[in-house]
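J.:
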Amino acid sequence: MRFVKVIGILTLVSLMSACSFWGGEKTEEPDVPEQQLYSEALEALEAQNYSLAVEKLQRLEARYPFGRFSEQAQLELIYAYFKNFEPEAARAAADRFVRLHPNHENIDYAYYLKGLTSFEEDRSLVSRYLPIDETQRDPGAALESFESFSTLTTRYPNSQYAPDSLKRMQYLKNRLAQYEVHVAQYYMKRGAWVAAANRGRYVVENLQETPAVPEALGIMAEAYEELGLNDQAAKAAEVLHSNFPDFRYESGKERDKSLLETATFGLLGSPDEAAIQRPTSIIVPSQPAEPAPETERSWFSILTFGAFDDSEEEAEAKAQP
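Under mature numbering (1 follows the signal peptide of the UniProt record, and there is no 0), the letters of the sequence shown match residues -23 to -1, 1 to 298, in that order.
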């Protein structure tokens, strides 16, 4: 029994020695001074090596959480995350800075970077170079960006970042209003008049001074009319014509399509096509023309759907004396 224990101990020791031999000893990284680590992070930012800058700033924050450059390093880390295309990390770092330093002199910069991160995230690489309508996409990032810029301009109106934030807010406001109009038009095509009217009213009441307001008023007028609310429809139409006299509203209600138009995906059978092909005038003869005598069709003509009728007539004419 004692021999078995000795063998077990020797085996365990040999296994531990083998692990240390193959794995090697972990070498601890040298303790870099705070000033040097911060300087290296700034050099990485200037060289646009944002991944290295993130690594240096994270190490600085972990080793010197209460150091001389800790607060500034947290701000630089937000910027490094933003430039390194890490929007979630950038927003989390901005929220953390605001929570830890609510009275910091550069807190407006944190709000600005947070709003800018969501703003640029929404304008992806694909939408910049392809004709994609951003107003029809999910406005989640646009709403977050608008809220951050709104907080900045409300709390710190004299900030150096306030003018640019106001311009971006106007762009986001126009986009959000147009998105609401797209949703209202979707409801109109499906006959959801209450939902369409509510979307239009939201634009008129909350997103004023945007290009989508006249379209929203037209949607309200049509939706209220379909619901039988003639007074509300008349008021919406009156506001539309009074404030936007040159605007021409096109109905968003989906018309009934013919079977041919549905089968050909709108290529054939549409009313517009019929209107184009319809003659502008009809010449009426002075005397009614006598109907041509009906000739008996042969079996060959019926089977070929009349494709060779002319050739048969020519052959008959030649055969007659």
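We put the CB at the ideal spot given by N, CA and C, even for glycine.
Spell out a yes or no on whether the segment 134 to 146 and the segment 167 to 176 are touching, meaning 3 or more CB-CB pairs, one atom from each, closer than 8 Å.
T.: Because the criterion of three Cβ pairs below 8 Å is not met, the segment 134 to 146 and the segment 167 to 176 do not touch.
J.: For a quick check, are the C-beta atoms of A50 and V31 less than 8 Å apart?
T.: No, these two residues do not count as a Cβ contact at 8 Å.
J.: Would you check if the distance between the CB atom of L153 and the CB atom of A119 is smaller than 8 Å?
T.: Their beta carbons are under 8 Å apart, which means L153 touches A119 by this criterion.
J.: Only counting the same chain, and skipping five residues up and downstream in sequence, which positions put a Cβ closer than 7 Å to that of Y179?
T.: Around Y179: E157.
J.: To the nearest angstrom, how far is the alpha carbon of A213 from that of T187?
T.: Cα to Cα, A213 sits roughly 17 Å from T187.
J.: At the level of alpha carbons, what is the spacing between Q35 and L54?
T.: In a straight line, the C-alpha of Q35 is about 8 Å away from that of L54.
J.: Would you mind working out which of F46, E98 and Y226 sits nearest E63, comparing C-alpha positions?
T.: That would be E98, whose Cα lies nearest to the Cα of E63.
J.: Find out if the Cβ-Cβ distance for the pair F96, S122 is shorter than 8 Å.
T.: Yes, Cβ-Cβ distance for F96 and S122 is below 8 Å.
J.: Who are the near neighbours of H218 in its chain, counting only those whose CB is closer than 8 Å to its CB and skipping five residues on each side?
T.: Nothing listed; no residue qualifies.
J.: Whole angstroms is fine: what's the gap from P134's alpha carbon to E23's?
T.: Their Cα atoms are separated by approximately 30 Å.
J.: Are E11 and L37 closer than 8 Å when you measure CB to CB?
T.: Contact: yes.
J.: Counting only the same chain and skipping the five closest in sequence on each side, list residues whose C-beta sits under 7 Å from that of H78.
T.: Excluding positions up to five away in sequence, the list reads E48 and I84.
J.: Output needed for A87: all residues of its chain with C-beta closer than 7 Å, excluding positions within five of it in sequence on either side, in chain order.
T.: Same-chain partners within the cutoff: L52, I55, A71, F74 and V75.
J.: Leaving out five residues on either side along the sequence, give the residues of the same chain with a beta carbon under 7 Å from the beta carbon of K33.
T.: For K33, where only same-chain residues beyond five positions count, the Cβ hits under 7 Å are L14, E17, A18 and A21.
J.: Evaluate Y148 with the Cβ neighbour count: other Cβ atoms within 10 Å of its Cβ, from every protein chain shown; 16 or more gives buried, anything less gives exposed.
T.: Classification for Y148: exposed.
J.: Going residue by residue through the segment 181 to 208, where are the continuous alpha helix (DSSP H) segments of at least 4 residues, counting only ones entirely within it?
T.: You should have 190 to 203.
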